[in-house]
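Engineer: After the structure tokens below, expect a handful of questions from me.
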Amino acid sequence: LRVYNWSPRKEMWDEATPKFIDNLYTITALTWKRDGSRLTSGSLCGAVDLFDCCLRRVTYRNKFELTYVGPSQVIVKNIGTGARVILKSQFDYEIEKVDVMGKDRYLVAYTSSTILLGDMANCKLSEIMWSDTGGNEKFYFENQSVCMIFNAGELTLVEYGINDILGSVRTEVMNPHLISVRINERKQKDIEQCKMLAYLMDLQTISIMDLSSGVTVGSVSHDTRINWLELNETGRKLLFRDKKLKLNLYDVESETLSPLLSYCSFVQWVPQSDVVVAQNRDSLCIWYNIDSPDKVTMFPMKGEVTGIEKQGGQTQVIV
Numbered sequence: 244l245r246v247y248n249w250s251p252r253k254e255m256w257d258e259a260t261p262k263f264i265d266n267l268y269t270i271t272a273l274t275w276k277r278d279g280s281r282l283t284s285g286s287l288c289g290a291v292d293l294f295d296c297c298l299r300r301v302t303y304r305n306k307f308e309l310t311y312v313g314p315s316q317v318i319v320k321n322i323g324t325g326a327r328v329i330l331k332s333q334f335d336y337e338i339e340k341v342d343v344m345g346k347d348r349y350l351v352a353y354t355s356s357t358i359l360l361g362d363m364a365n366c367k368l369s370e371i372m373w374s375d376t377g378g379n380e381k382f383y384f385e386n387q388s389v390c391m392i393f394n395a396g397e398l399t400l401v402e403y404g405i406n407d408i409l410g411s412v413r414t415e416v417m418n419p420h421l422i423s424v425r426i427n428e429r430k431q432k433d434i435e436q437c438k439m440l441a442y443l444m445d446l447q448t449i450s451i452m453d454l455s456s457g458v459t460v461g462s463v464s465h466d467t468r469i470n471w472l473e474l475n476e477t478g479r480k481l482l483f484r485d486k487k488l489k490l491n492l493y494d495v496e497s498e499t500l501s502p503l504l505s506y507c508s509f510v511q512w513v514p515q516s517d518v519v520v521a522q523n524r525d526s527l528c529i530w531y532n533i534d535s536p537d538k539v540t541m542f543p544m545k546g547e548v549t550g551i552e553k554q555g556g557q558t559q560v561i562v
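Positions in the sequence shown are counted from 1; adding 243 to them yields the numbering used here.
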């Protein structure tokens, strides 16, 4: 069997060392496995041979097996579960490096001109054009819909499964608690795409952008340093808290700002709703109708709230 390897840089086929097989005689059939990792041959004498075909195979942190079946294609296999993801450059660039990040869920791969990103949990892969930055970019995977890439004061957002940059903004502050991205998290009447971003332009100024159009739809200037912010799932309401622990609500459509709570140590939107749960010292505060920010229900409590869980239609506050 004569073997040829395609070289993207040379744009030509290089002949590798031939495979000599005793008593093979005439080959009557050849077929590849769809991912390119196996080759099966059938001979005139009825023999069927299965060949393992790869350029190299690497074990990554004793958890993943990386099989380079071609210059532009890598099979990533979870050794523990057996789950496999095929990472392939859509532009046929040679994949030079593969990393697994974000609690072993997300893939980051480099070529000479692009970055490949992947969510192994739902097999969504993306590839975007990317210039060489010397490896100084940092990746953030807190949002399950979007990968956030920060480099030299510029924040780039990439939606998994889309081979294009969703948005790019300049910011002085890069902290997952100071950036909120909402991507089609709740269906809305007469709105097909809801892709919103809220981020800090500086320590006291929030900018809100519609990522679908690239237009800034809101801006909030505050007199104190902001230490937390989050949009609701529709992108129409914004909660933010400053370093003095004062909680505020901003309505994007009406551009109105409403103070909600002082001494706020915890706050979160309840998933799949516009209900707000917050803690004020020894009180649990709930806004069932956030359109009426002055109407709050308060319950006495002890301890510190650490999170909210919603299961089976019921919402539980974890203390």
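Just so it is clear, CB atoms sit at the ideal spot from N, CA and C, and this is done for glycine as well.
Among Ile264, Met444, Lys553, Val495, which has the Cα closest to the Cα of Val518?
Structural biologist: Nearest C-alpha to Val518: Lys553.
Engineer: Is Pro502 helix, strand or coil by DSSP?
Structural biologist: Of the three classes helix, strand and coil, the one that applies to Pro502 here is strand, per DSSP.
Engineer: If you pair each beta-carbon of the stretch 283-290 with each one of the stretch 321-332, do three or more pairs fall below 8 Å?
Structural biologist: Touching, no, given that fewer than three Cβ pairs across the two stretches are closer than 8 Å.
Engineer: Can Leu500 and Leu490 be called in contact, C-beta distance under 8 Å?
Structural biologist: Going by C-beta atoms, Leu500 is not nearer than 8 Å to Leu490.
Engineer: Could you give the distance in angstroms between the alpha-carbon of Thr310 and the alpha-carbon of Glu476?
Structural biologist: Whole-angstrom Cα-Cα distance: 39 Å.
Engineer: Assign Thr357 to buried or exposed, taking buried as 16 or more other Cβ atoms, counted over all protein chains shown, within 10 Å of its Cβ.
Structural biologist: Thr357 should be labelled buried.
Engineer: For Ser388 and Lys340, I'd like the C-alpha separation in whole angstroms.
Structural biologist: In a straight line, the C-alpha of Ser388 is about 23 Å away from that of Lys340.
Engineer: In chain order, what are the residue ranges of uninterrupted beta strand (DSSP E) at least 3 long that sit wholly in the stretch 341-402?
Structural biologist: Within the stretch 341-402, the complete beta strand (DSSP E) runs of at least 3 residues are 349-353, 357-362, 367-372, 381-383, 389-394, 397-402.
Engineer: Between Leu492 and Cys528, which are expected to be in contact by the criterion C-beta below 8 Å, what is the C-beta distance as a whole number of angstroms?
Structural biologist: Contact flag wrong, Cβ pair sits at about 12 Å.
Engineer: Since Lys553 sits in a beta bridge, which residues does DSSP pair it with?
Structural biologist: Bridge partners of Lys553: Thr558.
Engineer: Please report the straight-line C-alpha distance between Leu244 and Val312, rounded to a whole angstrom.
Structural biologist: Rounded to the nearest angstrom, the two C-alpha atoms are 18 Å apart.
Engineer: Can you give the Cα-Cα distance for Met541 and Phe307, rounded to whole angstroms?
Structural biologist: Roughly 49 Å separates the two Cα atoms.
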